[in-house]
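With my numbering applied, the sequence shown corresponds to residues 542 to 1036, in that order. Data first, discussion second: the structure below is written as C-alpha cells.
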Amino acid sequence: MTTDRPMLEIKKLSKSFPGVRALHEVDLTAYPGEIHALLGENGAGKSTLLKTLFGVQQPDSGEVWFEGERRSFSQPSDALHAGLAMVHQELSLVPQFTAVQNVVLGREKARAGFIDWREARERAEKSLGRLGFDARMDIPVRRLSVAQQQLVEIARALAVGARLIILDEPTASLTTQESEQLFALLERLRAEGRGIIYVSHRLAEVMALSDRVTVLRDGTLVGTRTRAEIKNETDLVKLMVGRNVDAISRVERSEGPGEEILRIEGLSSAEGVADCSLSVRRGEIVGLAGMVGAGRTELVRGLIGADRVTGGAVWIRGERVHIGSPADAVKAGIAFLPEDRKHQGLVLHMSAASNATLIKPPRRRGLLDRRAQREQTRALLTQLNADIDPGYPVGKLSGGTQQKVVLARWLKTASDIFIFDEPTRGVDVGAKGEIHALIRELAEEGKAIVMVSSDLPEVIGMSDRVVVMRRGRIVAELSRSQISEEAIVHHAAAS
Ligand SMILES: Nc1ncnc2c1ncn2[C@@H]1O[C@H](COP(=O)(O)OP(=O)(O)OP(=O)(O)O)[C@@H](O)[C@H]1O
Ligand SMILES: [Mg+2]
C-alpha cells in the first residue's frame, strides 16, 4: 500500500430500487498500488456499488472522483475511456470471437479511428502471453474455461490502459489453483501501481491478498480496515454479519451409510465424460472433486439426462432406470441443484416464491395456494439467512440470494437423491454454514448426496467419500480416512 493520493474517492453514494435501499451514503477510497476487498453478506450492495461506479447504473446521489477529477459515467464505455475496467461475474466477452479478437475489440472500442490490425493483433497476443494465458488464442472464447476467459477480460482491460480494475467475485467459479494464478496476476498489477477493487465471499483469500477491506451491511458502510487491523477471518465475519459464524468442521454422523441408492456404471457422454462408475448409499455424502473442466458437471448432467449419453447405465434403488431428460430425473427422484443458477435454474421475471416452489407448488382444493407458497418460501429463506419479500422478482435479487432460492426449491421435494453442483458458490458466510447444515440434515434423513465442489475445505469438511475426476474420468476414490487436501490436489492435477 502506498501513501499516494487516492485514485478513487466515492462519496456518500446512494442508490435505491423500488422498495429497496441498495446503498445509503457509502464512502470508499482506493489507492494506486492497492488491492482493496469489498465484503458483505448477500444483498449488502456490493455489486450495486461497483455497477454504479462503472456506469452500468446511475446513482441517486453522491459523488465519484477518479484521479483527482469529479466524474459521472453515464455508461460503461465512458468509464473505460477514463481508465477503469470491470471484470463482471457474468463475463462480458463476445463468445464467438477469439481471445485475440476480444482484446483487440476492446481496444478499438476505446480508441475509435484507424485500426492497424496486424499491430493490434500482435499486441493482444503479447499481452495475453504476459498474463500467463496458455490456451489457444484462435478459438472462440466460449470454448475456454472460465479462468481463461477471465484472463482475456483482464488483458482487454490492460489493452485499453485501465488503471483501476474492478472484479466482482472473480474467483467464484475458479478452482484453488486457478485462483492462485489469478492472485499472482493481481499482485503483479498492484506492483505496477494499478488499483484493484474486488468482491469475494472467500475470506481466506481476502486475508491473503488484500491491503484494505471495506465492509457493507444492508447497503450502508460498516467501515474500512487495513489488513494490519484485522487479526483473523473471525474479525471479518464480525464486521460483515455482526456475530460469530462457525467454520466448517467435520461432523461424525450417528450411523454409517445404508444400502445403495444410486449406481452409475460406465457412463459416457457427448460432452466428454468417459466410462464413469459411481455408487452412492443412503445417508452418504459423496464429494466430486477436480479442476474446473474435469467433467464433474458433465457427469451429473449426463446422469440427469441434460446431456446426450453415449454409453453406460444407471440404477436407482437396485432398479435399472432410463433417464432421457431432466424431467425423467425428477420423476426418478433426483433433485439437482445446477451450477449455473441464472441459466438453468430460475425464471427471472417470476417471484422468489414461485421459483422456490416450482417443482411442487402448494395447492388447496386443486388451486395454487399463494399464501402457503409465500409462507413456505419465507420460512426456507429465513433459514438460509435471506430475509426477503417472497413476492420479489428473482431477477432483481442479488447473486447469492438467487442461489438460495434455487436451493430452497429442492429442499421441499421428496427426492431420495440430491445432486449439488457448487452449492455455496457466491453465498455469504452465514448462509454457507446453513447450507452445510441442511445438506448434513438431508444425509441424516437418509438421502444419497452427490456434491460437486471446487471449495476444498467444503469437500473435505462435508464428504464421507471423495471421488476425484480428471479429463472426464474418475481417477481416484478417497475413503474418509484418505481425504486430505494434498490427496485431492494430487489426483486432480496429476497428468
Ligand atoms: N436491478 C435491480 N432492481 C431491483 N433491486 C435490485 C436490483 N439490483 C439489486 N437490487 C437489490 O439491491 C440489493 C443489493 O444487491 P446487490 O446485488 O448489490 O448485492 P450484493 O452485495 O452484490 O450481494 P451478493 O453477494 O449476493 O452478490 C438487494 O436487495 C437486491 O435485491
Ligand atoms: Mg453481487
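C-beta: ideal position from N, C-alpha, C; glycine also.
TODO: Inspect the beta-carbon positions of G609 and R546 and report whether they are closer than 9 Å.
DONE: Cβ distance < 9 Å, so G609 and R546 count as in contact.
Task: Nearest residue (CA-CA) to V814, options R822, V821 and I805 - done: The alpha carbon of V814 has as its nearest neighbour, out of R822, V821 and I805, the alpha carbon of I805.
TODO: Check whether the stretch 967–983 touches the stretch 890–909, counting contact only when three or more Cβ pairs, one atom from each stretch, lie closer than 8 Å.
DONE: No, because fewer than three Cβ pairs between the stretch 967–983 and the stretch 890–909 fall closer than 8 Å, the two stretches do not touch.
Open item on the list: For T767 and D709, what's the separation of their Cα atoms in angstroms?
Closed with: Using only the alpha carbons, I get a separation of about 20 Å.
TODO: Report yes if the CB atom of D816 is closer than 9 Å to the CB atom of L808, and no otherwise.
DONE: Yes, Cβ-Cβ distance for D816 and L808 is below 9 Å.
Task: Cα-Cα separation, P573 to K779 - done: Cα to Cα, P573 sits roughly 28 Å from K779.
Open item on the list: Just checking L936 against ligand 2 - is the residue's beta carbon closer than 8 Å to any of the ligand's heavy atoms?
Closed with: For clarity, residue 936 is Gly in the given sequence; the question names Leu instead. Flag unset: Cβ of G936 not near ligand 2.
TODO: Indicate whether L887 and N896 have their beta-carbon atoms separated by less than 9 Å.
DONE: For L887 and N896, yes; Cβs fall inside 9 Å.
Task: Any non-hydrogen atom of ligand 2 within 8 Å of S714 CB - done: Look at S714: its beta carbon is at least 8 Å from all of the heavy atoms in ligand 2.
Task: Beta-carbon contacts of S602 that lie in its chain and below 6 Å, excluding the five residues immediately before and after - done: Answer for S602: S555, listed in chain order.
- [ ] Using only alpha-carbon positions, find the residue among V993, L997 and L569 that is nearest to Y739.
- [x] Of the candidates V993, L997 and L569, the one whose C-alpha sits nearest the C-alpha of Y739 is L569.
Open item on the list: Please determine whether the Cβ atom of Y933 lies at a distance below 8 Å from any heavy atom of ligand 1.
Closed with: Within the cutoff, so yes.
Open item on the list: Using a Cβ-based criterion (distance less than 8 Å to any ligand heavy atom), does L590 qualify as near ligand 1?
Closed with: L590 Cβ: within cutoff of ligand 1.
TODO: Kindly identify the DSSP beta-bridge partner or partners of G1069.
DONE: Lying before the first or after the last residue shown, residue 1069 is absent from the chain, which here runs from 542 to 1036.
Open item on the list: So, for S995: in the same chain, excluding its five sequence neighbours on each side, which residues have a beta-carbon less than 6 Å away from its beta-carbon?
Closed with: Setting aside the 5 residues that flank it on each side, S995 is surrounded in the same chain by T716, each with a C-beta closer than 6 Å to its C-beta; the list follows chain order.
Task: D999 versus G1013, R1006 and H977, residue with shortest Cα-Cα distance - done: The question names Asp, yet the displayed sequence has Glu at residue 999. Residue H977 holds the alpha-carbon nearest to the alpha-carbon of E999 among G1013, R1006 and H977.
- [ ] Inspect the beta-carbon positions of F1028 and V1016 and report whether they are closer than 9 Å.
- [x] For clarity, residue 1028 is Ala in the given sequence; the question names Phe instead. With a cutoff of 9 Å on beta-carbon distance, A1028 and V1016 are scored as not near each other.
Open item on the list: Could you check whether R731 and I576 sit closer than 9 Å to each other, using their CB atoms as the reference points?
Closed with: Judged by their CB atoms, I576 and R731 are nearer to each other than the 9 Å cut-off.
Task: N- and C-terminal bounds of the alpha helix (DSSP H) containing K587 - done: For K587, the enclosing alpha helix (DSSP H) begins and ends at K587 to L594.
- [ ] Tell me where the beta strand (DSSP E) around A1017 begins and ends.
- [x] Residues R1014 to S1020.
Task: Close-in-space but distant-in-sequence residues of the same chain around W606 (CB under 6 Å, 5 per side omitted) - done: Listed in chain order, the non-local C-beta contacts of W606 below 6 Å within the same chain comprise E550, local neighbours out to five positions each way being set aside.
Task: Cutoff 6 Å; reference M627; Cβ partners in own chain excluding five residues on either side - done: Cβ within range, chain order: F595 and I707.
TODO: Determine which residues share a DSSP beta bridge with M1010 and list them.
DONE: Beta-bridge pairing by DSSP links M1010 to I1015.
Open item on the list: So, at 6 Å on beta carbons, what are the nonlocal neighbours of S1114 in its own chain, with the 5 sequence-adjacent residues on each side left out?
Closed with: This structure leaves residue 1114 out entirely; the chain is present only between 542 and 1036.
Task: Beta-carbon proximity check, S939 vs G670, cutoff 9 Å - done: Result no, Cβ atoms of S939 and G670 do not sit closer than 9 Å.
Open item on the list: Using C-beta distances below 8 Å, list every residue in its chain close to Q598, excluding the 5 sequence neighbours before and after it, in chain order.
Closed with: Excluding five sequence positions before and after Q598, the CB atoms of its chain that fall closer than 8 Å to its own CB belong to K556, T589 and K592, given in chain order.
Task: Cβ distance (whole Å) where E746 is taken to contact S720 below 8 Å - done: Going by Cβ atoms, the distance from E746 to S720 rounds to 6 Å, so yes, they are a contact pair.
Task: Contacting residues, own chain, Cβ-Cβ under 8 Å from P867 (five flanking each side not counted) - done: Answer for P867: I845, G846, A847 and F877, listed in chain order.
Task: Span of the beta strand (DSSP E), counted from its first residue to its last, around R729 - done: Boundaries for R729: no beta strand (DSSP E) harbours it, while the alpha helix (DSSP H) harbouring it runs T717 to A732, taken from the DSSP string.
Task: Range covered by the beta strand (DSSP E) that runs through S555 - done: From DSSP, the beta strand (DSSP E) with S555 extends over L549 to F558.
TODO: Taking only heavy atoms of ligand 2 into account, decide whether any of them is closer than 8 Å to the Cβ of D776.
DONE: Incorrect: D776 has no Cβ contact closer than 8 Å to ligand 2.
TODO: Grab me the residues of V614's own chain with a C-beta within less than 6 Å of its C-beta, minus the 5 sequence neighbours each way, in chain order.
DONE: First, the residue type needs correcting, since residue 614 is Phe and not Val in the sequence shown. Beyond the five residues adjoining it in sequence on each side, F614 comes within less than 6 Å, by CB distance, of G596 and A620 in the same chain, given in chain order.
- [ ] Return yes when the Cβ of A623 is within less than 9 Å of the Cβ of R611, no when it is not.
- [x] No, the Cβ-Cβ distance between R611 and A623 is not below 9 Å.
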